[in-house]
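Peer 1:
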Amino acid sequence: MEKEQKGYRFTAFSSPVIIRERPAVPLSSFVQEKVDALWQEAQQCREEGRLMFDGRVYALAELSDTEVIIEERRYREFFAARLDPSLPLAVVPLGVMGGLTCPEGLVIGRRGAFVSLYPGLWEVAPSGTLDSVSPRDVLIRECQEELLLEGDEIICGNHPIGVMCADGIYDFVYKIETEVSIGELKLRVSRNDQEYSDLSVISPCDLLVFPHKKFIPHSAAMIRDVLGENLIF
1 MEKEQKGYRF
11 TAFSSPVIIR
21 ERPAVPLSSF
31 VQEKVDALWQ
41 EAQQCREEGR
51 LMFDGRVYAL
61 AELSDTEVII
71 EERRYREFFA
81 ARLDPSLPLA
91 VVPLGVMGGL
101 TCPEGLVIGR
111 RGAFVSLYPG
121 LWEVAPSGTL
131 DSVSPRDVLI
141 RECQEELLLE
151 GDEIICGNHP
161 IGVMCADGIY
171 DFVYKIETEV
181 SIGELKLRVS
191 RNDQEYSDLS
201 VISPCDLLVF
211 PHKKFIPHSA
221 AMIRDVLGEN
231 LIF
């Protein structure tokens, strides 16, 4: 089932979706040179110790309510496509987002000042770039790395509830729960400045009236129009 409103589209999965990888078409030498030049220029402008990592990431190739086909890419291709939309780069960023609820509400994180995209804005926490063919494994790892949750503190559905598209970015969406309080989560994250500068919660009664302009677009859409209907506290 597909739900579409201005600025976003949500494809809901009524049954477990099939996720399949296919080989990506290599970039032409001209496009590859442009991508490499943009990447090197951006890296040279960053402070020492704040360099971006050109890791393996996955792009969306095809999407339906029964199957998702993905292709392996490098992060620099996504970065170049956003920096210069005129480049003929057919790469569609694909990530994961978790609607994580703790005893106080829906957990949100404020992105650090040095992240490459949307610094200082809030987002659903955890979230991350898809760098594995298993979105659930990526999301659990993000819970452990970003929020410092232990494996036995994370309750995550086996399958995504759907895929959100907003601002040209697609994300697998999962529902996650933890019994760890927001106070304890904030304490843990304060010891780890890699991703979030702050954590907070949105209480159940505020899911439809939160300050969405302070959030990255796909998180705002997910909270307002997807999680508001699907989360049970």
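Counting with the working numbering, you get residues 1 to 233 for the letters of the sequence shown. We put the CB at the ideal spot given by N, CA and C, even for glycine. From a predicted model like this one, the values you see are computed outputs, not experimental measurements.
(1) Residues bridged to VAL96 by DSSP?
(2) Sorted by chain position, which residues of the same chain lie with C-beta nearer than 6 Å to GLN43's C-beta, five sequence neighbours on each side aside?
(3) Is DSSP giving ARG191 helix, strand or coil here?
(4) Can you pull the DSSP bridge partners for ARG56?
(5) Under three-state DSSP, which class holds ILE184?
(6) List the endpoints of the continuous beta strand (DSSP E) containing SER219.
(7) Which residues mark the beginning and the end of the alpha helix (DSSP H) in which PHE30 is found?
(8) Counting only the same chain and skipping the five closest in sequence on each side, list residues whose C-beta sits under 6 Å from that of LEU100.
(9) Rounded to whole angstroms, what's the CA-CA distance from PHE114 to ILE216? Just pull it up for me.
(10) Using a Cβ-Cβ cut-off of 6 Å (strictly less than) and excluding sequence neighbours within five positions of THR129, which residues of its own chain qualify?
(11) What do you reckon, are the CB atoms on MET97 and VAL124 nearer than 7 Å?
(12) Would you report the Cα separation of ARG46 and SER15, rounded to the nearest angstrom?
(13) Please identify the residue among GLY105, ASN192, LEU60 whose C-alpha is closest to the C-alpha of GLU169.
(14) Using CA coordinates, which residue listed in PHE53, ASP65, ALA24 is at the minimum distance from ALA172?
(15) Considering only C-alpha positions, which residue in the set GLY120, TYR196, CYS165 is nearest to GLU145?
(16) So, helix, strand or coil for ARG226, using DSSP?
(17) DSSP three-state label for PHE13, please.
Peer 2: By the coordinates alone:
(1) GLY128, PHE172
(2) LEU51
(3) coil
(4) ARG74
(5) Just to set this straight, residue 184 is Glu in the shown sequence, not Ile. If DSSP states are grouped into helix, strand and coil, GLU184 belongs with the helices.
(6) Per DSSP, SER219 belongs to no beta strand (DSSP E); it is in the alpha helix (DSSP H), 217–222.
(7) 29–44
(8) VAL107, ILE176
(9) 15 Å
(10) VAL57, GLY95
(11) yes
(12) 44 Å
(13) First, the amino acid is wrong: residue 169 is Ile here, not Glu. It is LEU60.
(14) The amino acid at residue 172 is misidentified as Ala; the sequence shows Phe. With distances taken between Cα atoms, PHE172 lies closest to ASP65.
(15) TYR196
(16) The question names Arg, but residue 226 in the sequence shown is Val. Of the three classes helix, strand and coil, the one that applies to VAL226 here is helix, per DSSP.
(17) coil
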